Each structure stands twice: as structure tokens, then as C-alpha cells.
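Only one structure is covered here, and it is reproduced in the block below.
2 protein chains.
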Amino acid sequence: MKHEPFNESVEMYLKTVSELAVHEGLAPISALAHQLGVSAVSATEMVHRLGEQGLVDHVPYRGVTLTEAGAQRAYRVVRCHRLWECFLAGPLGLAWEHVHDQACQLEHATSEEVADALDAFLGRPAVCPHGNPIPDRSGAWREPDDAPLSEWLPGERGTLSRIYPESTLLLDYLAARGIKPGCAAHFVEIAPFNGPLMVCIDGETHALGHEIAAHIYGIRT
Amino acid sequence: MKHEPFNESVEMYLKTVSELAVHEGLAPISALAHQLGVSAVSATEMVHRLGEQGLVDHVPYRGVTLTEAGAQRAYRVVRCHRLWECFLAGPLGLAWEHVHDQACQLEHATSEEVADALDAFLGRPAVCPHGNPIPDRSGAWREPDDAPLSEWLPGERGTLSRIYPESTLLLDYLAARGIKPGCAAHFVEIAPFNGPLMVCIDGETHALGHEIAAHIYGIRT
DNA sequence: CCAGGGTTTTAGGCAAGCCTTAAACCTCGC
DNA sequence: GCGAGGTTTAAGGCTTGCCTAAAACCCTGG
Chain A
0 MKHEPFNESV
10 EMYLKTVSEL
20 AVHEGLAPIS
30 ALAHQLGVSA
40 VSATEMVHRL
50 GEQGLVDHVP
60 YRGVTLTEAG
70 AQRAYRVVRC
80 HRLWECFLAG
90 PLGLAWEHVH
100 DQACQLEHAT
110 SEEVADALDA
120 FLGRPAVCPH
130 GNPIPDRSGA
140 WREPDDAPLS
150 EWLPGERGTL
160 SRIYPESTLL
170 LDYLAARGIK
180 PGCAAHFVEI
190 APFNGPLMVC
200 IDGETHALGH
210 EIAAHIYGIR
220 T
Chain B
0 MKHEPFNESV
10 EMYLKTVSEL
20 AVHEGLAPIS
30 ALAHQLGVSA
40 VSATEMVHRL
50 GEQGLVDHVP
60 YRGVTLTEAG
70 AQRAYRVVRC
80 HRLWECFLAG
90 PLGLAWEHVH
100 DQACQLEHAT
110 SEEVADALDA
120 FLGRPAVCPH
130 GNPIPDRSGA
140 WREPDDAPLS
150 EWLPGERGTL
160 SRIYPESTLL
170 LDYLAARGIK
180 PGCAAHFVEI
190 APFNGPLMVC
200 IDGETHALGH
210 EIAAHIYGIR
220 T
């Protein structure tokens, strides 16, 4: 009945650090603040609190990384998030592009017990509806062998594998165009003057900005 | 990604008022405070805030009732709570006496969309695993035709219908003794000197205190 | 090597929810 | 009708998480 004040914010910070740190290795506080929609001052404050709790390491002027404990905590949240996405998009039949937001709410209200039961109920899915791998109960997962379209070379072909990191705006945009994991992709060319990437996806050619292309991963064949 | 200020506390207050007001019609602030584990001063403060928002009416020195808006809000939470209980105890296979706590977390993180989809997925159940009716999306439900054991007369027989209000301690206690909705009940006698109620449930005789008996409902045959 | 821009600290604030202590107040039963 | 006990107000405080503004600081590119 009583409810702990721990959760929500702390978990969102850790989750966000884990997302930002994937590429850079170090998540700048400014990026963290921007992603979470708070001021840099607030983010700095919070990072200090998390540091004191041993959840993150902060290298001044460089950025933030997760400690072992922080990573564990972050992956537990990510696991819940993706399991809920599977449930919402699967048995519950919600739209692919809507489940992310709902899962964002549920992820912080999920005990280990429920996560495990949900995992078993869903048949231990390997990936969420957006193609991202689901950590197991120990926090481990298999890193997919894919690359963002932004790293593909013109002419390459393959299959879309995942959208990462997920965001409502992006998912809506992609859903409206029928772009999702499993689609066949052919990177035709990059438009001149650093223009958008022209990518043929399931027979339809799309002009994708560099930002977006960095969020769409695929496996080259 | 952005997430709204917690409606958590507000919803817990409204839910609790709805539970306490069932019998009395008016929920005393002291009972509210006790149930929520906060001080009477804090509860009074909060009731004022809820009053300003038009969610409750406060009759000084008497108690609190829900306004139409407050009731609507409370029933939506109750609906989510009981739907989650059905899901957790059914498809997920969690223990009858454990699902209440988990549902308490999830209920505040559930959109109408998810509640509706969950309702459909579960086959529009009429009651939760503890026997309590599940409001429909408009907040209405069929009030069961039962009475707490504390209102039964010695000698009466019937079938247990529900546990209400639910609480972890009570559910654990009852689960350990195999007492749950659906059990056949025979109110043998009330022990002398205002003693416990002797009730034969599924062939086993239990001595139930008056407090507990007020929380166990049954339909007399 | 130096300035511009990102990063951090300092300082002062706000709102929600909770706390305690103490005084004022009402209600009800004897 | 009076007092005990429940209810409310008042006063002062705490924590979390957020804000702005302004100053101090560091890193890097030109």
C-alpha cells in the first residue's frame, strides 16, 4: 500500500544513460538533460545524487557512465519495458507505434516476479516489437549483429532489424510509412550536398534524414 | 518520454474514499489517514487539495465523499486494479494473495486504451480474483447481492462471494487457510462473550474475528 | 593560445506530500 | 451541560525534483 519514492526519476535517468552511452561510451549531461526534458542544472544535480548512490560514474566535463549496480538497475527497467511492449503489441493488439509510451508507464511499476511471469507467458521473446533485444533476468542479452543505416554504404542491401533508441515521434513517423523491422532495405544512394539517404524499403523509396537513419538498424546481407 | 506529475497519491486517496464510503456513506478523515498510513494532518491537507479540485466533498467533522468527477476517477483506477488482478492471477499464474500488491502498482500506470484492451483480452471478466465486481469503462458495475459474514445469522449457509476491502495481510491470512470466493460456508455459531464467529468453510471450521468477518462476503442460499 | 561554447557550481525559488507539536474546535455520550 | 476524544488549523520543517540567473570553469578549434 505504501509506495516507495525511489523509482521513476532514478530509473528514467539510468535508462537514458544506458541509451546514450551505447555509442559514445560516455553520456554527456547536456544530452541527458535534453533527452529527459530537464535543465542541465537539474540533470547535473541528479547525476550527483546518483553518483552518491553508486549508480553512475561522472567524469566532469565529459559525461556519465553506469556503474555495475546502475547498469543492473537500468537493464531491469529495459527488460520490463520491452516485455510490456511485447504484451501490448501481441496479446493486447495495440498499435506497434503506441506501445512504447504505455510501456514507459508500466516499466516502473513492475516487480521482478511479474516480469518473470510475463516473460514466461510471452514465451521468452528475444526482441521487442521494435526489434530491440530483451535482457534476461540477469540483465544479459545478445547484441544483434546490425548497423544503423547511417553506416551503410550506398548500394548495400539487407533487412531492417530494429529502431533504436525508440521515441514516440520517430515511431509514429516510421509507422505512417510502413517502415519497421523485417522490411527489406536497399540503400540506393545518398543525395548530393549531404542530403538525405535514399533507401528503398519494401519496394518503396524513402528519403531519410541522417538523424533518422542513425536510429534505424539493419542487417546487411 | 515526458511524464506527468504523479497522480499516484490523488488516485490512492480517491480509491480509499470509495472503499470507506461504501458502508458509512461518509469516509472519516481519520480512517482515511489510517488506511493510507499518513497522519491525520496530512490527510486533512490532501482532502482540502482534492476539494479544491472538485474531486471530493468534505463535511467538516463528519467525513469525505466523492463528487461525480472524483468517483469517475476512482472507478477508473479500481477497474484497472481488478483487471490487472485478473491478468496476474490468470494468464500470468501469480498467487491469488499476491496479485493485489502488484496491481496496486500497475493501476496508476494504465491508460484507458490499455485498460480496454486488457478487458477484451481477458474476456470482459465480471469480477476480480477476490470476487469484487469490475466496473465497465463508464465506471458502472453490478452490485452483488451478498452480505458480510458479520451480518449473517447463526445457522445460515451460503457461498463466499468476495473479500472486501482487500488488504495484503488479510489475503495472506485467508489464503493460508484456503478461504476464498466460491467456498461453501456454514455460520455455525458465535462464540460467547462476543467471541469470534465459528464458520465452517469447505468442511473446515474457522474462528473468525469480527473485523475479518466484516471483510468476507457471501451469498446466503 | 585564446576565445567561444559547453559544463559545473552557487544561490534562490517553487510545488507536492509528507512530518511533528500545539492549540483551537466540534460532537457526543454520560 | 460538560468533558473526553476526535477533528481541524496553525506553524515550522523535511525531501525530491524541478526551475532560473549568474558566475566560474574547462576543453577544444581556429
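Chains as they are written, first to last, in numbering that gives the first Met the number 0: chain A, 0 to 220; chain B, 0 to 220. Just so you know, even glycine gets a beta-carbon here, dropped at the ideal spot from N, CA and C. Values in this document were obtained by computation on a predicted structure and should not be read as measured data.
Can you tell me whether residue i is buried or exposed, with buried defined as 16 or more other CB within 10 angstroms of its CB?
{"i": "G62 of chain B", "result": "buried"}
{"i": "F86 of chain B", "result": "buried"}
{"i": "N6 of chain B", "result": "exposed"}
{"i": "A26 of chain B", "result": "buried"}
{"i": "L168 of chain A", "result": "exposed"}
{"i": "G130 of chain B", "result": "buried"}
{"i": "R75 of chain A", "result": "buried"}
{"i": "A94 of chain B", "result": "exposed"}
{"i": "A68 of chain B", "result": "exposed"}
{"i": "A32 of chain B", "result": "buried"}
{"i": "A73 of chain B", "result": "buried"}
{"i": "A30 of chain A", "result": "buried"}
{"i": "R81 of chain A", "result": "buried"}
Excluding five sequence neighbours on each side, which residues of the same chain lie with their C-beta closer than 6 Å to the C-beta of residue i?
{"i": "Q71 of chain B", "result": "G138"}
{"i": "W151 of chain A", "result": "F186"}
Please confirm whether residue i and residue j have their CB atoms less than 8 Å apart.
{"i": "A39 of chain A", "j": "I28 of chain A", "result": "yes"}
{"i": "C79 of chain A", "j": "E106 of chain A", "result": "yes"}
{"i": "P128 of chain A", "j": "A88 of chain A", "result": "yes"}
{"i": "G194 of chain A", "j": "T158 of chain A", "result": "no"}
{"i": "A213 of chain B", "j": "P147 of chain B", "result": "yes"}
{"i": "E18 of chain A", "j": "P132 of chain A", "result": "no"}
{"i": "K14 of chain A", "j": "V77 of chain A", "result": "yes"}
{"i": "L65 of chain A", "j": "V9 of chain A", "result": "no"}
{"i": "I162 of chain B", "j": "I200 of chain B", "result": "no"}
Residues in its own chain within less than 7 Å of residue i by CB, not counting five upstream and five downstream?
{"i": "M11 of chain B", "result": "L35"}
{"i": "E96 of chain A", "result": "L170, D171 and A174"}
{"i": "I218 of chain A", "result": "D144, D145, G157, T158 and S160"}
{"i": "P4 of chain A", "result": "Here P4 of chain A scores only 46 on pLDDT, less than 50, and its place in the model should not be relied on; the value that follows carries that caveat. There are no such residues."}
{"i": "R176 of chain A", "result": "H205"}
{"i": "G208 of chain B", "result": "P195"}
Please return the same chain residues whose Cβ sits closer than 8 Å to the Cβ of residue i, not counting the five positions on each side in sequence.
{"i": "M0 of chain B", "result": "Caution is warranted here: a pLDDT of 32 is assigned to M0 of chain B, below 50, making its placement in the model unreliable, and no coordinate value can be reported."}
{"i": "W83 of chain B", "result": "V98, Q101, A102, L105, E106, T109 and L117"}
{"i": "T220 of chain A", "result": "R156, G157 and T158"}
{"i": "H2 of chain A", "result": "Its pLDDT being 37, under 50, H2 of chain A is placed unreliably by the model, and the measurement read from it follows with that caveat. The answer is none, since no qualifying residue turns up."}
Hey, is the region 51-66 of chain A in contact with the region 94-108 of chain A, meaning 3+ C-beta pairs nearer than 8 Å? No, the region 51-66 of chain A does not touch the region 94-108 of chain A.
Whole runs of the beta strand (DSSP E) within the region 4-58 of chain B, excluding any shorter than 3 residues: For the region 4-58 of chain B, whole beta strand (DSSP E) runs of length 3 or above, ordered along the chain, are 55-58.
For the pair the region 41-53 of chain B and the region 176-189 of chain B, tell me if three or more CB-CB distances fall below 8 Å. no
Please go through the region 84-114 of chain B and give each complete alpha helix (DSSP H) segment of 4 or more residues, from N-terminal end onward. 98-105
I'd like the ranges of any beta strand (DSSP E) spanning at least 3 consecutive residues and lying wholly in the region 132-164 of chain A. 156-162
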